[in-house]
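Trainee: Starting off with a structure, shown below.
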Amino acid sequence: MAVTPAVGTISAAAQDSSTMTDTLRISVNGTPHELTPDPRQSLLDVLRETLDLTGTKKGCNQGACGACTVLVDGKRVVSCLTLAAMHDGAEITTIEGLAKGGELHPLQTAFIEHDGLQCGFCTPGQIMSGVACIAEGHAGSPEEIRFWMSGNICRCGAYPGIVAAITDAAERA
Amino acid sequence: MLLFTLQKAGSPEDAIAAAQAGARYIAGGTTLIDLMREEVERPERLVDINALPLKDIRVEGEDLVFGALARMSEIAAHPDVLRLQPLVAESLIEGASPQLRNMASIGGNLLQRVRCPYFRMHDAACNKRQPGSGCTALDGLNGGHAILGTSEQCVATHPSDVAVAFVALDATMRVRGPDGERSFPVEELFRLPGDTPHLEHTLLPGELILEVRVPGGAHARQARYLKVRDRASYEFALVSAAAALEIEDGVIRTVRIACGGVGTKPWRMRACEQALIGRPPDRANLEAAAKLALEGTRPLAHNHYKIELLPRTIARALEMAGELA
Ligand SMILES: Cc1cc2nc3c(=O)[nH]c(=O)nc-3n(C[C@H](O)[C@H](O)[C@H](O)COP(=O)(O)OP(=O)(O)OC[C@H]3O[C@@H](n4cnc5c(N)ncnc54)[C@H](O)[C@@H]3O)c2cc1C
Ligand code: SF4
Ligand code: FES
Ligand code: FES
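Going line by line, the protein sequences match chains A and B.
If you use numbering that gives the first Met the number 0, the first sequence corresponds to residues 0 to 172, in order.
If you use numbering that gives the first Met the number 0, the second sequence corresponds to residues 0 to 324, in order.
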């Protein structure tokens, strides 16, 4: 996706009675940012390309794989299918925001302990989705975890380790 | 992605005015952004409607009313929905993924576009994408396509799950356009492809979906959604059935059946319903009635299996609904 600012088009829309979202204020992992994204930029592209937070991955760019999962105001979403400019005022949490003071999030630790990954490409999305899955109360059994984690695809097939890690972290939470 | 402008609407009037001036509504964006990136959708202007006060989920008597911007996940988890309309909740949970359900609005869900692979392939003919270019699916890979309501111009199924539940339950929708408000059955939102498959719904230019109303009742509380697909979750339906039953003194008093994955729009199965009224809900009766769903079906080269699967799915969904008693 191109990232050249569409300045001309912004002023065209600004002539309408509706207000134009030109400045985007978002907080990412607790840090406030003021940005002027191209209207075409997805939240994923702003995280990766503008803010250099490359932990969030781009797999399919079509909403199908879950690699780009982040939390927006505490809820898991696929950041590739949403325009950054539509999130003024939002609080975003990415994989970079989970560890606190050099200490890994319990689910990150559980992924390591249970071999919840092989190549690691899907892992940030799995962990963000897993954090939400536990917070939602959808991690009560391996069956429930499999259903509620089905939006995250793992090409390496590390599913048994992923389910074990989430089960473990949910029990400790 | 092609250039476009993005504006934010502060009120329905604002949004409708923007739409009249050529803007497309954007809610969750999970259909629109995806197809804009593929340049299948090419709006030059978008109006973000997420600030509009259309997020309510409320109970009115036995009816449930969903604001157009209520998210799939919010409706599916709502205690009143689970109590009064378990079929609606189940059809939502069986759709998309947890992430997408957090994003997708109920209005956008009803207007989602088809999942026919050729719709996205710019080098394949597709009447829906480019009117008059032909339909590659007709003689192509059509295993997932429709057996009801098809035309020589398009054979794609409508992919929404919750729309199937809405059509079964006689849901209505309220919309507002430049000339005021109107209400109509959700079933009437969808068009058959006929000679104009690029026209998918009956909304007038600029009309904004405000809310969907689902009437309640004993049958609505005893209703299930069965979705048969290639994997256990996170996949579109091959065949699905929404079934609602009210049984009194051992016989079926009220029954509603609609199916997904088989029609070019969510397909209400009225002949099956009529055959069941006053009958005991035993397996033989359910199977006999379910077979009536096959009337008028026209299978394609690769989707003959749906002829077998459709009545079985209906019979099983009815049985599941009966088990709730
Ligand atoms: C990978 C993937 C898997 C999926 N699986 C399923 C599935 O199994 N079952 C299923 O049912 N769905 C599935 N979906 C589709 C998903 O449910 C829809 O994309 C979603 O519901 C659309 O809602 P939205 O708010 O994101 O719509 P948007 O993308 O914002 O809008 C879609 C359309 O609706 C119009 N619109 C939106 N709101 C209004 C309104 N209030 N009034 C008038 N017009 C409006 C827009 O202009 C646009 O044309 C899947 C999607 C993806 C990406
Ligand atoms: S079935 Fe419809 S959507 Fe698919 S190629 Fe034919 S016209 Fe296009
Ligand atoms: S990159 Fe967003 S879901 Fe695959
Ligand atoms: S670890 Fe390789 S894709 Fe999941």
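For glycine and all other residues, C-beta sits at the position ideal for the given N, C-alpha and C.
Note that this is a predicted model, so its numbers are computed, not measured.
1) Using the C-alpha atoms, what's the distance from Asp-178 of chain B back to Glu-206 of chain B?
2) Out of A:Gln-61, A:Val-71, A:Arg-47, A:Gly-96, which one is the CA nearest neighbour of Asn-28 of chain A?
3) What are the start and end residues of the alpha helix (DSSP H) that includes Lys-264 of chain B?
4) For the beta strand (DSSP E) containing Ile-25 of chain B, list its first residue and its last residue.
5) Is the shortest distance between the beta-carbon of Asp-36 of chain B and the beta-carbons of chain A less than 8 Å?
6) Helix, strand or coil, according to DSSP, for Ser-128 of chain A in the structure here?
7) What does Tyr-233 of chain B reach in chain A if we use C-beta pairs closer than 7 Å?
8) If you pair each beta-carbon of the segment 77-89 of chain B with each one of the segment 156-172 of chain B, do three or more pairs fall below 8 Å?
9) Flag this pair as yes or no: are the beta carbons of Gly-65 of chain A and Ser-96 of chain B separated by less than 8 Å?
10) Confirm the yes/no value for this check: CB of Ala-155 of chain B, any heavy atom of ligand 2, distance under 7 Å.
11) Can you check which of these residues, B:Leu-2, B:Val-58, B:Glu-12, is closest to Pro-214 of chain B by C-alpha distance?
12) Between Phe-118 of chain B and ligand 2, is the CB less than 7 Å from at least one heavy atom?
13) Contact criterion: CB-CB distance below 8 Å. Does Gly-139 of chain A meet it with respect to chain B?
14) Going by beta-carbon coordinates alone, are Ile-313 of chain B and Ala-240 of chain B separated by less than 8 Å?
15) Are any of the Cβ atoms in chain A nearer than 8 Å to that of Met-0 of chain B?
16) Please confirm if Leu-225 of chain B has its CB atom under 8 Å from at least one CB of chain A.
17) Please compile the residues from chain B whose C-beta is within a distance smaller than 8 Å of the C-beta of Asp-61 of chain A.
18) From the DSSP output, in three-state form, read off Cys-121 of chain A for me.
19) Indicate, with yes or no, if ligand 1 has a heavy atom lying under 7 Å from the CB of Thr-30 of chain B.
20) Taking the CB atoms as reference points, tell me whether Ile-152 of chain A and Ala-89 of chain A lie closer together than 8 Å.
21) Does Ala-13 of chain A come out as helix, strand or coil in the three-state DSSP assignment?
22) Is Leu-309 of chain B near Ala-292 of chain B, with beta carbons less than 8 Å apart?
23) Does Glu-112 of chain A pass the burial test, meaning 16 or more other C-beta atoms within 10 Å, or should it be called exposed?
24) Go through its chain and collect everything with a Cβ distance to His-200 of chain B's Cβ below 7 Å, but skip five positions before and after it.
25) Within 10 angstroms of the Cβ of Thr-200 of chain A, are there 16 or more other Cβ atoms? Answer buried if so, exposed if not.
26) What's the gap between the Cα of Gly-7 of chain A and the Cα of Phe-3 of chain B?
27) Do Leu-106 of chain A and Ala-157 of chain A come within 8 Å of each other at the CB atom, strictly closer than that value?
28) Taking only beta-carbon atoms, is Phe-146 of chain A less than 8 Å away from chain B?
29) Give me the subset of the segment 80-105 of chain A whose CB atoms are less than 9 Å from a CB atom of chain B, sorted by chain position.
30) For the alpha helix (DSSP H) containing Lys-54 of chain B, list its first residue and its last residue.
31) Indicate the three-state DSSP secondary structure (helix, strand or coil) for Arg-282 of chain B in the structure shown.
32) Apart from the five residues on each side of it in sequence, which residues of its chain come closer than 7 Å, Cβ to Cβ, to Gly-260 of chain B?
33) Anything in the segment 71-102 of chain B with a Cβ closer than 7 Å to a Cβ of chain A? List those residues in chain order, please.
34) How about Cys-258 of chain B: is its Cβ closer than 7 Å to a heavy atom in ligand 4?
35) What in chain B is Cβ-close to Pro-38 of chain A, meaning under 7 Å?
36) Jot down the residue ranges of each uninterrupted alpha helix (DSSP H) in the segment 203-258 of chain B, minimum 4 residues, whole runs only, in chain order.
Mentor: So, to answer that:
1) Locating residue 206 of chain B in the second sequence gives position 207, counting from the first residue. Locating residue 178 of chain B in the second sequence gives position 179, counting from the first residue. A straight-line Cα-Cα distance of about 9 Å links Glu-206 of chain B and Asp-178 of chain B.
2) Position 29 of the first sequence holds residue 28 of chain A. Closest option to Asn-28 of chain A, Cα to Cα, is A:Gly-96.
3) Taking the first residue of the second sequence as position 1, residue 264 of chain B is located at position 265. Counting along the chain, Lys-264 of chain B falls outside any alpha helix (DSSP H), and DSSP gives it neither H nor E.
4) Numbered from its first residue, the second sequence carries residue 25 of chain B at position 26. Here the beta strand (DSSP E) through Ile-25 of chain B covers 23-25.
5) Position 37 of the second sequence, counted from the start, is the residue given in the question as residue 36 of chain B. Correcting the residue type first, residue 36 of chain B is Arg in the shown sequence and not Asp. At least one CB atom of chain A sits nearer than 8 Å to the CB of Arg-36 of chain B.
6) Walking along the first sequence from the start, residue 128 of chain A turns up at place 129. In the structure shown, Ser-128 of chain A falls within a helical segment according to DSSP collapsed to helix, strand and coil.
7) In the second sequence, the residue the question calls residue 233 of chain B occupies position 234. Neighbours of Tyr-233 of chain B in chain A, taken as residues whose beta carbon is under 7 Å from its own, are Ser-149, Gly-150 in chain order.
8) Judged by pairs of C-beta atoms under 8 Å, the segment 77-89 of chain B touches the segment 156-172 of chain B, as three or more such pairs exist.
9) As a working mapping, residue 65 of chain A is identified with position 66 in the first sequence. As a working mapping, residue 96 of chain B is identified with position 97 in the second sequence. Yes, Cβ-Cβ distance for Gly-65 of chain A and Ser-96 of chain B is below 8 Å.
10) The sequence position of residue 155 of chain B within the second sequence is 156, counting from 1. Within the cutoff, so yes.
11) For the purposes of this step, residue 214 of chain B is identified with residue 215 of the second sequence, where counting begins at 1. Nearest Cα to Pro-214 of chain B within the set B:Leu-2, B:Val-58, B:Glu-12: B:Val-58.
12) Sequence index remark: in the second sequence, residue 118 of chain B carries index 119 (1-based). Yes, the Cβ of Phe-118 of chain B comes within 7 Å of a heavy atom of ligand 2.
13) Mapped onto the first sequence, residue 139 of chain A falls at position 140. No - not a single Cβ of chain B is within 8 Å of the one on Gly-139 of chain A.
14) For this step, residue 313 of chain B is matched to residue 314 along the second sequence. For this step, residue 240 of chain B is matched to residue 241 along the second sequence. Yes, these two residues count as a Cβ contact at 8 Å.
15) Within the second sequence, residue 0 of chain B is the residue found at index 1, counting from 1. Taking CB atoms only, Met-0 of chain B has a neighbour in chain A less than 8 Å away.
16) Within the second sequence, numbered from 1, the residue matching residue 225 of chain B stands at position 226. Not an interface residue.
17) Here residue 61 of chain A is taken as the residue at index 62 of the first sequence, counted from 1. Before going on, a small fix: residue 61 of chain A reads as Gln here, not Asp. In chain order: Asp-33, Arg-36.
18) Looking up residue 121 of chain A in the first sequence gives position 122. Residue state for Cys-121 of chain A is assigned as coil, using DSSP reduced to three classes.
19) If you number the second sequence from 1, residue 30 of chain B lands on position 31. Yes; taking the cut-off as 7 Å, the Cβ of Thr-30 of chain B has a heavy atom of ligand 1 nearer than that.
20) The sequence position of residue 152 of chain A within the first sequence is 153, counting from 1. The sequence position of residue 89 of chain A within the first sequence is 90, counting from 1. Note that the C-beta distance between Ile-152 of chain A and Ala-89 of chain A is not below 8 Å.
21) What you label residue 13 of chain A is simply residue 14 of the first sequence in a count that begins at 1. Here Ala-13 of chain A scores only 41 on pLDDT, less than 50, and its place in the model should not be relied on; the value that follows carries that caveat. Helix at Ala-13 of chain A.
22) Mapped onto the second sequence, residue 309 of chain B falls at position 310. Mapped onto the second sequence, residue 292 of chain B falls at position 293. For Leu-309 of chain B and Ala-292 of chain B, yes; Cβs fall inside 8 Å.
23) On the first sequence, residue 112 of chain A is found 113 positions in, with the first residue counted as 1. Counting Cβ neighbours within 10 Å, Glu-112 of chain A comes out exposed, since fewer than 16 surround it.
24) If you number the second sequence from 1, residue 200 of chain B lands on position 201. Leu-110, Leu-188, Phe-189, Arg-190, listed in sequence order.
25) Nothing about residue 200 of chain A can be read from this structure; chain A reaches only from 0 to 172.
26) Residue mapping note: residue 7 of chain A aligns to position 8 of the first sequence, counting from 1. Residue mapping note: residue 3 of chain B aligns to position 4 of the second sequence, counting from 1. In this prediction, Gly-7 of chain A has a pLDDT of 34, which is less than 50 and means its spatial position is unreliable; nothing more can be read from the coordinates.
27) Along the first sequence, one-based indexing puts residue 157 of chain A at 158. Along the first sequence, one-based indexing puts residue 106 of chain A at 107. No, Cβ-Cβ distance for Ala-157 of chain A and Leu-106 of chain A is not below 8 Å.
28) Numbered from 1 along the first sequence, position 147 holds the residue referred to as residue 146 of chain A. Proximity of Phe-146 of chain A to chain B, defined by a Cβ-Cβ separation below 8 Å, is satisfied.
29) With the criterion set as a beta carbon lying under 9 Å from some beta carbon of chain B, the members of the segment 80-105 of chain A are Leu-80, Thr-81, Leu-82, Ala-84, Met-85, Asp-87, in sequence order.
30) Locating residue 54 of chain B in the second sequence gives position 55, where the first residue counts as 1. Going by DSSP, Lys-54 of chain B is part of no alpha helix (DSSP H) at all; its letter is neither H nor E.
31) Translated into positions along the second sequence, residue 282 of chain B becomes position 283. Arg-282 of chain B falls in the helix class under three-state DSSP.
32) Within the second sequence, residue 260 of chain B is the residue found at index 261, counting from 1. Close CB contacts of Gly-260 of chain B within its chain, under the 7 Å cut and outside five residues either way in sequence, are with Thr-156, Ala-236, Leu-237, Val-238, Ser-239 (chain order).
33) From the segment 71-102 of chain B, only Ser-96, Pro-97, Gln-98, Leu-99, Asn-101, Met-102 have a Cβ closer than 7 Å to chain A.
34) For this step, residue 258 of chain B is matched to residue 259 along the second sequence. Here the distance from the Cβ of Cys-258 of chain B to the nearest heavy atom of ligand 4 is not below 7 Å.
35) Taking the first residue of the first sequence as position 1, residue 38 of chain A is located at position 39. Result: Phe-3, Thr-4, Leu-5.
36) If we require 4 residues or more, the alpha helix (DSSP H) runs fully inside the segment 203-258 of chain B come out as 217-220.
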